[in-house]
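Comments concern the structure below.
2 protein chains.
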Amino acid sequence: MALAEFDLIHRFFTQKPLKNSVNQLGIGDDCALMEIPEGYQLAITTDTMVEDVHFFKGADPYYLGNKLLAVNLSDLASMGAKPVAVTLALTLAKVDEQWLAEFSKGFLSLAQKYQLDLIGGDTTRGALTLTVQALGLVPKNLAMKRSAAKVGDLIYVTGTIGDAGLGLKIKQGYQSENPELPLKQFNQPLPRIAEGLAIRNIANACIDISDGVAADLEHILEKSNVGASIDYAKLPLSVEVKNYIETTGDWQLPLVAGDDYQLCFTISPENAQHLSIKCQQIGIIEAKKNLRIQYKGEIILLDNYGYQHFS
Amino acid sequence: MALAEFDLIHRFFTQKPLKNSVNQLGIGDDCALMEIPEGYQLAITTDTMVEDVHFFKGADPYYLGNKLLAVNLSDLASMGAKPVAVTLALTLAKVDEQWLAEFSKGFLSLAQKYQLDLIGGDTTRGALTLTVQALGLVPKNLAMKRSAAKVGDLIYVTGTIGDAGLGLKIKQGYQSENPELPLKQFNQPLPRIAEGLAIRNIANACIDISDGVAADLEHILEKSNVGASIDYAKLPLSVEVKNYIETTGDWQLPLVAGDDYQLCFTISPENAQHLSIKCQQIGIIEAKKNLRIQYKGEIILLDNYGYQHFS
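Residue numbers (my numbering), protein chains in the order written: chain A, 1 to 311; chain B, 1001 to 1311.
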């Protein structure tokens, strides 16, 4: 790109001064510099979103900027890490001022909410491809790993699930009486940062629900070398999702729909008594491998490919 | 992408166990985890390479993987940071086993050379777009910033410059008697990690030469609020570049050609006596703004847009 274009882009993303004291040097040098306080580990995650793959061509740029960051922060939340910094690699087909203004507003508004700094990035020309790397802090030995589930742990999810999936169906034409909540959940998912911080002292394994609770829970089971049973009747569903299931018969939606970015975690029964966040127990970790779902008196088995068994 | 494709890709990039003790958890969870030793800062940089923009369609995938990592490590080198970890966001139009095998070999061979771990990443489908984030360690207060040049500092470069630029010209059809060195410099630039570590105690400002020594030095001048004079006759040139200039008359090549990834740094005359690396003084930092180039008795001025003045 020409220098003038770069200047334009930098203008939209300028965030000064640095908000978070761990960040010692931001955009404008060969590297950013960060200082990690003693007793903490750095958590690092990266996610890419590609036009026509992860979002529709012509998607609202404000929501896109917001969601791109939210998806990455959600990975930090699931480890119990507090976000502190982010880098953005922006590949753009063209420099569209209006688009950039909205995209950066959506991105930076979420960054502002969590007081995190945009410390670096790269801007290149090409097919619209957005890569974020998010950096967070977690006290040593408190990070919630996928491999930490133990037999007897209770399985919980935060919030309600299936709403973002219903939002997608509404965008694709499904008529809902109350589309606002599902659409908001689809367009502007909130990373469960506060929840991750609240449970990291007492929970064992944790994952964020990006691919559907069934598939994501399977990742925990695989890494922890355990199995699980979940009770469909216990899944926390919004009124809208309940109505959708009643209308369409598509009861699998809350199990297989992704993009909710709620947390799914496992915790010992003793520690579960100390839970202070809004969450719902949906099952239990068992020694017997695989994921079993109790649904209307039947037990449904999922194979290694998660929800593919359903379709 | 389908799960089987992801498995394939992961197979090529598996690096086990973690080599560097600061990396506590690598690929396979929501985040990687890293522990920064006391007294150190973390240096973070990210660069994207796009097909048809940063490399030719059909470029050799081994060299591509190698260069993608080298370009990022070069940014760490210019801060005086020691690389410890890297993440890779890979957007691929299709899953081509042969291509992936070569690309990953080129990438991992350089990672292996510096004992750094691939701790995370994302794989998506789309136009070929490659983003790396590299993480390094530098003792507190030793990072060489662009803003640290002082009036009276001597300006040095490592190695020779213009070779990668000549390599590009050879790829584009220029006939050279000895094309090996320029082509190697273009295809497989080596990040100047050892040089960065060797000078961080004594140098002030430093930058890696990615856009040509004139344009890159200008970044130092701008951030440090100073000017500089360089003496063209002192530029360290290889025999091949000298022959090229003699043959073509294109004397500007070593000033404006990028991709060399040598370091350009400033250092006080006292400290310069302690330099232990192979490097060449090319000029001096002055209070008078802008970059002046002495060439055959004339003084050539560069404006803020660096080499654009030349063309």
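All C-beta atoms, glycine included, are put in the ideal place defined by N, C-alpha and C.
The structure displayed is predicted, hence computed values, not measured ones.
- DSSP places Pro1269/B outside any beta strand (DSSP E); the residue lies instead in the alpha helix (DSSP H), whose first and last residues are 1269 to 1272.
- Inter-segment contact for the stretch 1024 to 1033 of chain B and the stretch 101 to 118 of chain A is absent: fewer than three beta-carbon pairs are separated by less than 8 Å.
- The alpha-carbon separation between Leu33/A and Pro179/A amounts to approximately 44 Å.
- Judged by DSSP secondary structure, Val1241/B falls within the alpha helix (DSSP H) whose first and last residues are 1239 to 1248.
- The DSSP-derived three-state label of Ala198/A is helix.
- With respect to Ala1214/B, Leu1255/B sits close: the two C-beta atoms are nearer than 8 Å.
- Relative to the Cα of Ile277/A, the nearest Cα in the group Glu195/A, Asp60/A, Lys289/A, Ile207/A belongs to Glu195/A.
- Between the alpha carbons of Ile1155/B and Val1071/B lies a distance of about 22 Å.
- Residue environment: Val1226/B is assigned as buried (16 or more neighbouring CB atoms within 10 Å of its CB, all protein chains considered).
- Between the stretch 1257 to 1269 of chain B and the stretch 1205 to 1223 of chain B, the count of C-beta pairs closer than 8 Å reaches three or more; the two stretches touch.
- For Asp1029/B, the residues of chain A that pass the 8 Å Cβ criterion are Met79, Lys145, Arg146, Ser147, Lys223, in the order they occur in the chain.
- The C-alpha of Gln41/A is placed about 12 Å away from the C-alpha of Leu1042/B.
- The alpha-carbon of Thr1158/B is positioned some 40 Å away from that of Leu73/A.
- A direct Cα-to-Cα measurement between Ala1272/B and Val1022/B gives close to 33 Å.
- In this chain, the beta strand (DSSP E) harbouring Asp47/A covers 40 to 50.
- Three or more Cβ pairs closer than 8 Å define a contact, and the stretch 221 to 235 of chain A falls short of that threshold against the stretch 109 to 127 of chain A.
- The continuous alpha helix (DSSP H) containing Gly165/A extends over residues 163 to 171.
- Counting C-beta atoms within 10 angstroms of its own C-beta, Phe1265/B has 16 or more neighbours from the protein chains shown and is therefore classed as buried.
- Selection Val1053/B, Lys1242/B, Gly1058/B evaluated against Thr123/A yields Val1053/B as nearest (Cα-Cα).
- Using a 10 angstroms sphere on the CB of Glu218/A, the tally of other CB atoms reaches 16 or more, which defines it as buried.
- Per DSSP, Asp122/A lies in no alpha helix (DSSP H) segment; the continuous beta strand (DSSP E) that holds it begins and ends at 117 to 125.
- For Tyr295/A, the enclosing beta strand (DSSP E) covers residues 290 to 295.
- Segment contact: the stretch 1079 to 1088 of chain B against the stretch 279 to 287 of chain A, fewer than three CB-CB distances shorter than 8 Å; contact not assigned.
- A Cβ-Cβ distance of about 7 Å is found for the pair Ala1127/B and Thr129/A, placing them in contact under the 8 Å criterion.
- With a beta-carbon spacing of about 6 Å, Ala81/A and Leu137/A fall inside the 8 Å limit used to define contacts.
- A distance below 7 Å between beta-carbons, with the five flanking residues on each side excluded, links Gln1280/B to the following residues of its chain, in chain order: Tyr1156, Val1157, Lys1234, Pro1236.
- With a contact defined as Cβ atoms closer than 8 Å, Pro189/A and Ile170/A miss out at about 15 Å.
- In this structure, the CA atom of Ala1205/B is about 57 Å from the CA atom of Leu291/A.
- With its beta carbon at least 8 Å from every one in chain B, Gln115/A lies outside the interface.
- No Cβ of chain B is located within less than 8 Å of the beta carbon of Glu218/A.
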